[in-house]
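What follows is a set of notes on a single structure, which appears directly below.
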Amino acid sequence: MALFKADDKGMPGKCAAGATAVLDATKRLAGRHAAPDVLDNPRPGSAMDAMLHTIRKETTAILNGGAGIDLGKTVEDMLGIIKSMEGQLSHVLDINSLLERDLDNAKDRIVSLRGERDKLQAAVARLEDEMPLRRELQMGIDQLLEERNEAELRLRGMKRSQEQSAAALAELRGRVAELEGERKELIDEIQFLETRLGTILEKNKVLEDKAAALEQTSAESKARVKDLECDLQLALEEKFKAAKALKEAQQSMMEFQARLRETREPGRLPDQGDAATG
125 MALFKADDKG MPGKCAAGAT AVLDATKRLA GRHAAPDVLD NPRPGSAMDA MLHTIRKETT
185 AILNGGAGID LGKTVEDMLG IIKSMEGQLS HVLDINSLLE RDLDNAKDRI VSLRGERDKL
245 QAAVARLEDE MPLRRELQMG IDQLLEERNE AELRLRGMKR SQEQSAAALA ELRGRVAELE
305 GERKELIDEI QFLETRLGTI LEKNKVLEDK AAALEQTSAE SKARVKDLEC DLQLALEEKF
365 KAAKALKEAQ QSMMEFQARL RETREPGRLP DQGDAATG
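Per my numbering, the sequence shown starts with residue 125, numbered consecutively.
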């Protein structure tokens with residue numbers, strides 16, 4: 125609705141005052157939400173620049189007399205421009221609020237990042253302080269690893285030696301078992317030879333007794349004595365052979381006992397006393 129008409133009588137002073145009031149109100153409205161230089165030096169080509177240009181143009185025309193101007197329409201247009209400016213300013217304020225919130229968040233984030241930076245710097249400083257100790261610990265660990273590897277090598281060598289010793293011991297046990305069998309056979313053979321020698325000695329004693337008895341007989345018994353002497357000679361030869369065989373068996377027994385002692389006690393040499401006892 126038109127507030128004034130250009131052909132109303134007595135209105136030029138009021139129109140000028142109203143135009144000036146509208147311009148002042150516009151500046152006050154914009155000044156509440158914008159910096160002073162926005163009104164004095166608006167960005168060229170911006171909506172604020174266009175609206176202020178229109179207001180100044182209309183106000184200047186009114187102040188210059190207002191001839192041929194529909195004041196009411198002009199005021200309505202100016203009010204519309206002011207409302208548009210209010211809407212744009214409200215939008216700008218909303219954006220400004222968002223930017224302020226983003227700025228606050230950014231500031232908080234910067235504070236948080238600075239705190240994290242300080243923590244990281246402190247951690248780096250601690251790590252730098254701990255580096256000599258870490259190097260010393262690493263050297264100790266490397267030395268322990270080297271000692272462990274050497275111990276493992278020694279352990280493997282000991283295991284190989286143990287396995288070789290076990291194999292040698294098993295072989296020695298087998299040899300001892302064989303020697304025990306040979307020893308038993310020799311003992312049986314010696315016992316047989318001793319029994320045979322005893323029988324021969326008894327037979328020889330009988331023959332000697334018979335020879336002595338025959339020597340006391342008459343000459344007629346000489347032929348018989350001669351036969352008995354032959355038998356005696358044969359018996360003596362058998363006795364010699366038996367004694368020789370017994371001596372050889374005893375010598376073999378002594379050698380066997382010496383080998384058996386060497387097998388049971390590796391590294392120990394048989395002495396003369398043991399050989400004599402055997």
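Yeah, the Cβ is synthetic: ideal placement off N, Cα and C, and Gly gets one too.
Determine the direct distance from the alpha carbon of residue j to that of residue i, and round the result to whole angstroms.
{"i": "GLU299", "j": "GLU270", "result": "Just to set this straight, residue 299 is Arg in the shown sequence, not Glu. Going by the C-alpha atoms only, they are around 43 angstroms apart."}
{"i": "GLU379", "j": "PHE316", "result": "19 angstroms"}
{"i": "LYS197", "j": "ASP218", "result": "31 angstroms"}
{"i": "LEU213", "j": "GLY239", "result": "38 angstroms"}
{"i": "ALA247", "j": "SER289", "result": "58 angstroms"}
{"i": "PRO256", "j": "ARG280", "result": "36 angstroms"}
{"i": "LYS327", "j": "ALA301", "result": "39 angstroms"}
{"i": "GLU386", "j": "LEU303", "result": "11 angstroms"}
{"i": "GLN262", "j": "ASN229", "result": "45 angstroms"}
{"i": "ALA191", "j": "ARG225", "result": "Model confidence at ALA191 stands at a pLDDT of 49, short of 50, so the residue's coordinates are unreliable and nothing is read from them."}
{"i": "LYS207", "j": "VAL216", "result": "14 angstroms"}
{"i": "GLU353", "j": "ALA335", "result": "7 angstroms"}
Which term fits residue i, buried or exposed, when burial requires 16 or more other beta carbons within 10 angstroms of its beta carbon?
{"i": "LEU223", "result": "exposed"}
{"i": "LEU293", "result": "exposed"}
{"i": "MET209", "result": "buried"}
{"i": "ALA337", "result": "exposed"}
{"i": "ALA359", "result": "buried"}
{"i": "ILE234", "result": "exposed"}
{"i": "ILE265", "result": "exposed"}
{"i": "MET282", "result": "exposed"}
Thinking just about the alpha-carbon of each residue, which of the options is nearest to the one in residue i?
{"i": "ASP351", "options": "ALA366, GLU332, GLU362, ALA367", "result": "GLU332"}
{"i": "ARG297", "options": "ILE265, LEU384, GLU254, ALA369", "result": "LEU384"}
{"i": "ILE311", "options": "VAL235, GLN375, ARG388", "result": "GLN375"}
{"i": "VAL330", "options": "GLN286, ASP355, LYS308, ARG278", "result": "ASP355"}
{"i": "ARG320", "options": "MET202, ALA275, LYS368, ALA335", "result": "LYS368"}
Mind checking if residue i is an interface residue toward chain D, Cβ cutoff 8 angstroms exclusive?
{"i": "GLY322", "result": "The structure shown contains no chain D; it is built from a single protein chain."}
Can you tell me which of the three DSSP states residue i falls into?
{"i": "PRO136", "result": "Confidence at PRO136 is low in this model, with a pLDDT of 45, below 50, so its placement is unreliable and the value that follows should be read with caution. Correct three-state label for PRO136: helix."}
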